[in-house]
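2 protein chains.
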Amino acid sequence: MRLEEPRDLEAGNLRTRAVDAARGAKPFDLLLHGGCVADVITGQIRPADVGVVGPLIASVHPPGARHDSRATLNAAGKVIAPGLIDTHLHIESSMVTPRTYCEAVLARGVTTIVWDPHEFANVCGIEGVRWAVKQASDAPNRILTLAPSCVPSAPGLETTGADFDADTLRDVLAWPGIKGLAEVMDMRGVITREPRMMGIVREGLASGKPVFGHARGLSGPDLNAYVAAGVTSDHEITSAEDLGSKLEAGLFIELRGSHDHLLPACVEALASYPRVPQTLTLCTDDVFPDDLWRAGGLDDVLRRITRYGMPAIEALRAATLNAALRLGRHDLGAVAPGRRADLAVFSDLRDFRAEAVIFNGVEIGARDSRPDQSCDQLARGLGLRSFGSEDFLVRADSGRVRVATIDEPRFTRWGEAVASTAGGYVRPPEGSITMAVVNRHGAGTAPRMAFLRGWGAWRGAFCTTVSHDSHNLTVFGSNATDMAVAANAIRAARGGLAAVADGRVRALLPLPVAGLVSEQPLPDVAGAFAAVKEAMDQIATWKPPYRVFKACFGASLACNPGPHLTDLGITDAETGNVLTSPVLGAA
Amino acid sequence: MRLEEPRDLEAGNLRTRAVDAARGAKPFDLLLHGGCVADVITGQIRPADVGVVGPLIASVHPPGARHDSRATLNAAGKVIAPGLIDTHLHIESSMVTPRTYCEAVLARGVTTIVWDPHEFANVCGIEGVRWAVKQASDAPNRILTLAPSCVPSAPGLETTGADFDADTLRDVLAWPGIKGLAEVMDMRGVITREPRMMGIVREGLASGKPVFGHARGLSGPDLNAYVAAGVTSDHEITSAEDLGSKLEAGLFIELRGSHDHLLPACVEALASYPRVPQTLTLCTDDVFPDDLWRAGGLDDVLRRITRYGMPAIEALRAATLNAALRLGRHDLGAVAPGRRADLAVFSDLRDFRAEAVIFNGVEIGARDSRPDQSCDQLARGLGLRSFGSEDFLVRADSGRVRVATIDEPRFTRWGEAVASTAGGYVRPPEGSITMAVVNRHGAGTAPRMAFLRGWGAWRGAFCTTVSHDSHNLTVFGSNATDMAVAANAIRAARGGLAAVADGRVRALLPLPVAGLVSEQPLPDVAGAFAAVKEAMDQIATWKPPYRVFKACFGASLACNPGPHLTDLGITDAETGNVLTSPVLGAA
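Order-wise, the sequence lines are chains A and B. Going by the working numbering, the first residue of the first sequence is number -9, and it counts up by one from there. Going by the working numbering, the first residue of the second sequence is number -9, and it counts up by one from there.
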C-alpha cells in the first residue's frame, strides 16, 4: 500500500536524494539516454536525457551530460513522453478486473486513469465502491477513483443493488481514495433542482473535489444552467458544434475515443481555433475487451486523433499536461524535474507504440497473464432460480390482444401491435423479438417482458448481466426456449454473456465478478467476447449504426428518453410510468 | 468577513438561483449586454451577454437573448474579460496599505493578487503575517496571502524582527488564510540541503499548498536541483534564454513587469514557440507608489507586454486562465457559467482601460480617497533614540587607516582604501559616501557604518526604513550632519523616506505603518514619493541601470553575493563574515 499521493513524494529523504543527483553529487537510480523529450509545455521535441531518483524526475539535461546511474535505459531514436492520463472511463466495460485492465493499458503508456466504478456501484452498492478503492490502491498504475453519482440512474424505474442518496455520497466523498464526484448523468434533476440530485451535487461541491459531468445534448440555457450548477466537465460530445459550445461554456472536455465517428469533425473544429484549448483532455469512456486487447486504451485514442489531423504534440498535451492541470495534479503531466517519473517511451509520435514505460520511477516489466484472484469478495453469484421457457412467454387470456412495443434500438419509441395468443400466451407480433429482464438480486419476481421491433430477424437468444445501468439479467430472443437456455447458462456462470441457437449455447463469456467482469487474463476474455460477438452475428442481423451488438447492453437504460424494459416493466422516463406487462387489452 | 473561498459559492441557495436564472425562470441580478467576451479558453473574441447571479456567472449567451435582470451594464463596444490575476507581488513596495493597494488595482481590473507579505513579516514577525491575513479577508478584492519563507533572508547576517523556522512555518501554513509558501529565496540553502531551509520547504510541501520560487540565475544542474526540491514557480527571469530554460524545467513562470527592459526579448522568445506555454502567468512583484498611481498594476504589465508584441488574447490568458489553473482555482480565470463573476470590462485589448469592474458579482463603485485606519496594530513607532552627527562618523585612533569599502551599487564588490582621520574619526575616502544601518527595534546598538564607492557625488543624505530585507533604519550621505537630520526626521515620522540637504529636510514620506507603508490615500503617497525622488535627484547623481534611486532600498540585502551593510556590520554572504567596523587597521 502506497502513501497517499502526492504526499508520498515528501517521504524520507527522497527530495534530498533527487537534489543531490540533479547536482551530480550522487548517481541517478535510472537514466534514460539518447532520446528526445516530448515537451508538452513548450511544444518542442528536443534531445534530452532524463535522470530519475525513486519516483521523481530529478533532472532533464543535455544528451550525454551525465552517465552515472544505477540503471540506464537506451531511448535512442525514441520519444520520452509523460505518461498518459485517461480522464474518464469505466473499467467494467472492458469486462476484466481493475488489475488486468491497468496492466494492459500501463504497458501501452497509460499511467493514470480516472475511474467511475458506476457499474460495480449499481450492482454491489457501497461495498462495490469500497472494493474499487481497494483495487485502486493495489493497482499497477494510478487509478483516481470517483464516487458514482447516479446509483440508480433511473430511480423508481428499476431495481439496482443500491441507492446512493446525498448522505451516502457525503460519506463516500470524504474517503481519501475518492477523488471527485463521477459523471452527473441526471441532467434534468440538476437543472430542475430536483432535491435528490441537487443534494448529491451539493455534496460533491462541498467536498472540494471536482464534480465531473455528463452533459449529453445540452445547449443554450440548459447548458448554462448545468454548468452554473457546479459541474466542470463533459465527455458526452455529440458533434463538432456541441464540442464548441461546451468549450465556450468553460467545461473541461474529456474527448472520448469510444465514439470514433465523431472524432474527425471534432479534430477539424479544434484546428479552427487559434490554438487547441488547454481545457481539452482525452478519455476512453468504454472499451470492449477485444478492442482493448487489439487496439489499446488511451494510446489508441491518441493514435486515431493524430491520424485525423491533430498535431501530435497537441494531442499528447491534451492527454498529459491538460489532464494533470484539470485534476490539480501538479506532480503529473510533464517530463520535468520535480515531477513524478511517469514516462512513456514511444517509438514515435505517430504510432505511439510504447517501447518502455516507467511508472513512479520503476520500469514496467513483462506482464504476467495469470488470473486475478483479488475479486472473491464480489464473486458471489446471482440470486436467481433456474428458468423454464414459460418464463419468457407473455400471458394473455383473450384471443387477440393489443400489445405495447418498443420500436427501434437506441433511440426507442413507443409502438403498438395486435397479437394473437396460443395456450394462454401471446405470440410475439410480426417482426418483433422478445426481451426479458429479471432482478438479479433474487427479489423472486418473474421476468418482465417486452416486444422489440426494429431489431431485425433473430434465430436464437442472447443473455447478459451487463445491462446498463442496473445490470439485471437481460435476455433477448426469437423464442422462449433459447432464451431459457441462455438465461440458465448465465445463471450457472454466475453472470456473463451467452449466445444460444437451436437450444444450444454457441458461445459464453462467464463474468463471475459481480456479473460484470472476469478474473481471467485479457487475451482470454477478449477471445471469449469476440466469440460471443461472432456467434451473435449468426443469430441476429445487425444494421449499423444503431442496430448493433452493443445496443443489447443499453436496451435497459431507463434514464434515457423513450420506453425501456427494466426488472419493473416497460418504463417511460418522461412520464415516470411503468407497464408491468406489454398487454394493453383485448384487440 | 466572507466565507472561505471557493466554498462560499455553495452557501444558501446560490446555485439554485443561478440555475434558475440561466434557464430563464428567474431574472439575473446583473446583465452585461452589448459587449464582446474575451474567451481565453478558445482564444476568440465573440459577441455575448453575461448574466450574473450573486457572485456567480450564471449564463453567457447570444447578444440580446435575455433582458430580464435587476440591473444592467451596457458593455457596447467593449470587451468583457476575466478579472486579472497577479501571481506574485509585495504590496509593501507600493508603500500604501493593503486596502489602498487593492482599491487602486481593482479599479483597473485586477481582481486577484497573490501577496507575499515578506516585508511585514521581516519587521513584525508572526503578528505581521496574522495582520496581513486579516487585511486580506477585509480587502476589496481577492488577496491570496502566502507564508513568507525567508525571515530573515540572511540568517546571522542581520537582525530582523523575527525568525521563522520550520516549526513556525508549519503553524502558519496550516492557517486557512495562507495559500502557499512564498518565494523561496535561499536557493543555496535549498540545493545544498541546508537543514533550516530544507525544513521550511518540507513544511511547504507537506501542507499540500504550492511552494513558490525565486530561482534567480539558476541554470543547468542547479536549476534541476532547485525544481526537484519541490519548488514550482519562478519570477526572477533575467533573460529570454533564462525564461526558456525555466519553462523547460516545468516551472510556472510569473513573468514580472518590474523589470521592463527584459520584457521585449521575453515576448520575442515566447513567440518562437508553437504557442505561448500555459505555464506562463504574469505578475508585478514590486511597484513604487508613483508608478502604481500613474501606470497601474498588472493591467500595466498587460499593456506593455501587448505593446511589445504578444497577441492580446495570449497575454490576457496568461493573466487569467493560466494563473487560475496554476493556483488550482477553477472558479476563476474565464468568462463562463459557474465561474466567479470577476469581470473587467475593458475599452479594448490594447489600452486595457477598465471601464467597469465586477468583483464577486458586484460592480465596483467610485473609490473613496480617505486614509485607511485599519493599521493601528502595526503603527507603533521605531525603538530608536535620537541621533547626533557623531553617530554617523567612524571612529579611528591612528592618523591614517586602511578601510574596507563596498564598491558599486547592486552588484557589490569588496574594495579597500586609505583614509585620513580627524578628531578621532575617519574622513570618508575620496569618491565615497557613507552608509549607516541601525537596528530599528531598539537593540540600542550604535549604527554600523560603511563607505560606498561608485555611487557618484552626493550633496546631502537619504534615510529610509524601507531597506531590504530587514528594513532597519538605513542612511546614506555625504556628511554626518545631514545624515543625522535625515535619521531624526524618520524617527519622528515613525518610519519612511527623507531627503536632506544643507541640514534641512527637502522631502519626506512618512511610513508609520511598520515603517513600511502609509495610511494616506495613494495619490498623496505617490506625490510624496515622487517629491522624495525628485529631491534625491538634486542630492545624488544617478547613472542607470544600477546607480539609481531604487538601489538605496537594496543596499542592505545581505542574502545577495558581495558585501552589504546591515545592522550587524559589513557582511559577506559567501563567507558568513561580518565586519563590525570598516576600519581594517593602520595604513
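Here a beta-carbon is modelled for each residue, glycine too, at the ideal position from N, C-alpha and C.
DSSP places A61/B within a strand segment (E or B) once states are collapsed to three. The C-alpha of T182/B is placed about 54 Å away from the C-alpha of V515/A.
In the DSSP assignment, M85/A falls outside any alpha helix (DSSP H) and carries neither an H nor an E. One alpha carbon belongs to V291/A, the other to A525/A, and they sit about 28 Å apart. Within chain B, N214, E238, A239, G240 have C-beta atoms less than 9 Å from the C-beta of V50/A, given in sequence order.
For I181/A, the chain B residues whose Cβ falls inside 7 Å of its Cβ are V9, R13, in order along the chain.
Between the C-alpha atoms of L22/A and M473/A there is a straight-line separation of about 57 Å. Residue pairing of F349/A in beta bridges, as defined by DSSP: V352/A. If you keep only unbroken alpha helix (DSSP H) runs of at least 4 residues inside the segment 140 to 208 of chain B, you get 156 to 163, 177 to 181, 185 to 196. For A218/A and E173/A, the gap between their C-alpha atoms comes out near 16 Å. With a 10 Å radius around the Cβ and a threshold of 16 neighbouring Cβ atoms, A61/B comes out exposed. Ranked by Cα distance from G575/B, the options V427/B, D39/B, R192/B, E406/B are led by E406/B. Restricted to the segment 217 to 304 of chain A, the beta strand (DSSP E) segments that are unbroken, complete and at least 3 residues in length are 242 to 246, 270 to 273, listed in chain order. Taking each of G203/B, A152/B, D10/B in turn and checking the Cα distance to T222/B, the smallest one comes out for G203/B. For A314/B, the enclosing alpha helix (DSSP H) stretches over residues 311 to 316. Looking at the DSSP output, D562/B shares a beta bridge with P553/B. Proximity of V69/A to chain B, defined by a Cβ-Cβ separation below 8 Å, is not satisfied. Shown here for W532/B: same chain residues with a beta carbon closer than 6 Å to its own, the five before and five after excluded, namely V538 in chain order. Per the coordinates, the alpha-carbon of A541/B lies some 13 Å from the alpha-carbon of G446/B.
Between the segment 47 to 63 of chain A and the segment 71 to 86 of chain A there are fewer than three inter-stretch CB-CB distances shorter than 8 Å, so the stretches are not counted as touching. Ranking V408/B, V573/B, A308/B, F154/B by CA distance to the CA of H108/B puts F154/B first.
With a cutoff of 8 Å on beta-carbon distance, L306/A and L288/A are scored as not near each other.
By a beta-carbon distance limit of 8 Å, V104/B does not contact G167/B. Their separation comes to about 13 Å. Put simply, of Q363/B, L555/B, F336/B the residue whose alpha carbon is nearest the alpha carbon of F441/B is L555/B. For V490/A, there is no enclosing alpha helix (DSSP H); the enclosing beta strand (DSSP E) covers residues 486 to 491. One finds H320, G328 in chain B with Cβ atoms closer than 9 Å to the Cβ of T222/A, taken in chain order. Interface annotation, V384/B: not in contact with chain A, CB-CB separation never under 8 Å.
Per DSSP, the continuous alpha helix (DSSP H) segment holding H108/B begins and ends at 108 to 128. Between the segment 464 to 481 of chain A and the segment 375 to 393 of chain A there are three or more inter-stretch CB-CB distances shorter than 8 Å, so the stretches are counted as touching. By the C-beta density criterion, G351/A is buried, having at least 16 other C-beta atoms within 10 angstroms.
Contacts with chain B (Cβ-Cβ distance below 9 Å) from the segment 253 to 268 of chain A involve Y263, P264, R265, V266, P267, Q268, listed in chain order. Annotation: Cβ neighbours of E0/A in chain B (cutoff 7 Å, chain order): R192, L195, A196. Under the DSSP assignment, Q34/A falls outside any alpha helix (DSSP H), being part of the beta strand (DSSP E) whose first and last residues are 34 to 37. Residues of the segment 52 to 84 of chain A that bring their beta carbon within less than 8 Å of a beta carbon in chain B are absent altogether. For the segment 415 to 462 of chain A, the full-length beta strand (DSSP E) segments reaching 3 residues or more read 422 to 428, 438 to 443, 451 to 454 along the chain. Against I31/B, the close residues of chain A are L237, E238, G240, P267, Q268, T269, in the order they occur along the chain (beta-carbon pairs closer than 8 Å).
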